[in-house]
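Worksheet: the structure to be examined is printed underneath.
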Amino acid sequence: LPTLLSPPLFFQPSRHRQQLLYYQHFYHPHPISTMAKTPSKKAPSKAAKKPTDGAKKRSKKRVESYSTYIYKVLKQVHPDTGISKKGMSIMNSFINDIFERIAGEAGKLATYNKKATLSSREIQTAVRLMLPGELAKHAVSEGTKAVTKFSSA
Numbered sequence: 001l002p003t004l005l006s007p008p009l010f011f012q013p014s015r016h017r018q019q020l021l022y023y024q025h026f027y028h029p030h031p032i033s034t035m036a037k038t039p040s041k042k043a044p045s046k047a048a049k050k051p052t053d054g055a056k057k058r059s060k061k062r063v064e065s066y067s068t069y070i071y072k073v074l075k076q077v078h079p080d081t082g083i084s085k086k087g088m089s090i091m092n093s094f095i096n097d098i099f100e101r102i103a104g105e106a107g108k109l110a111t112y113n114k115k116a117t118l119s120s121r122e123i124q125t126a127v128r129l130m131l132p133g134e135l136a137k138h139a140v141s142e143g144t145k146a147v148t149k150f151s152s153a
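Going by the UniProt record's numbering, the sequence shown runs without a break in its numbering and finishes at 153.
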């Protein structure tokens, strides 16, 4: 059970700076550190500082997506067709959704059979349960082909 002094369950300091500041202010109104801050000797300059040789520019956070793979498959199927950013976002959401559904179903199957590990058999059964008719047959054959290729390499 969370106590009054423990951070909220949704608290993630690495991702949410505002939550960290809120937590520090709300749960610790007085500074935790007893060291007094000394005023700076130098006045802060208004001009933007250029990164020096030692300091590196902060890199943008990487976001994982299937966009590269979606684009490659699109070019295999329709070489002269493009895809918009919105369309790519929809396809990415679709793949994530299907992945979560299949993984969830495979997890349930493993639990029912008292298995601790997901094997290709659970994934294959989950695909057969999730996808309709002909689509399931194609998905199973492609999956079998991929597993065979992976095993032989």
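Virtual Cβ for every residue (Gly too), placed ideally from N, Cα, C. Computed from a prediction, not measured in an experiment: that's the story for all the values here.
Taking the alpha helix (DSSP H) that residue i belongs to, which residues open and close that run?
| i | result |
| --- | --- |
| Asp97 | 85 to 112 |
| Ser120 | 120 to 130 |
| Lys75 | 67 to 77 |
Take residue i and list the residues in its own chain whose beta-carbon comes closer than 8 Å to its own, dropping the five residues that flank it on each side.
| i | result |
| --- | --- |
| Val147 | Ser120 |
| Val140 | Gln124, Val127, Arg128 |
| Thr117 | Ala110 |
| Ile83 | Ile70, Tyr71, Leu74, Met91 |
Below 8 Å on the Cβ atoms is my contact criterion, and I expect residue i with residue j to pass it. Report the Cβ-Cβ distance as a whole number of Å.
| i | j | result |
| --- | --- | --- |
| Glu129 | Glu100 | It should be noted that the sequence gives Leu, not Glu, for residue 129. Not really, about 14 Å apart at Cβ, beyond 8 Å. |
Does residue i come out as helix, strand or coil in the three-state DSSP assignment?
| i | result |
| --- | --- |
| Ala136 | helix |
| Glu64 | coil |
| Thr34 | At Thr34 the pLDDT is 45, less than 50, meaning the model places this residue with poor confidence and gives no usable figure here. |
| Pro29 | Any reading at Pro29 needs caution, since the residue's pLDDT is 48, under 50, leaving its predicted position unreliable; the model's value is listed next. Coil, per DSSP. |
| Thr117 | coil |
Would you call the CB atoms of residue i and residue j closer than 7 Å?
| i | j | result |
| --- | --- | --- |
| Tyr66 | Ile95 | yes |
Using a beta-carbon distance below 7 Å, is residue i in contact with chain C?
| i | result |
| --- | --- |
| Ala139 | Among the chains in the structure shown there is no chain C, since it carries only a single protein chain. |
Ignore the nearest five residues each way along the sequence and tell me which others in residue i's own chain have a CB closer than 6 Å to its CB.
| i | result |
| --- | --- |
| Leu135 | none |
With a CB to CB cut of under 7 Å and the five nearest residues on each side skipped, what residues in its chain are close to residue i?
| i | result |
| --- | --- |
| Glu122 | Ala106, Leu109, Ala110 |
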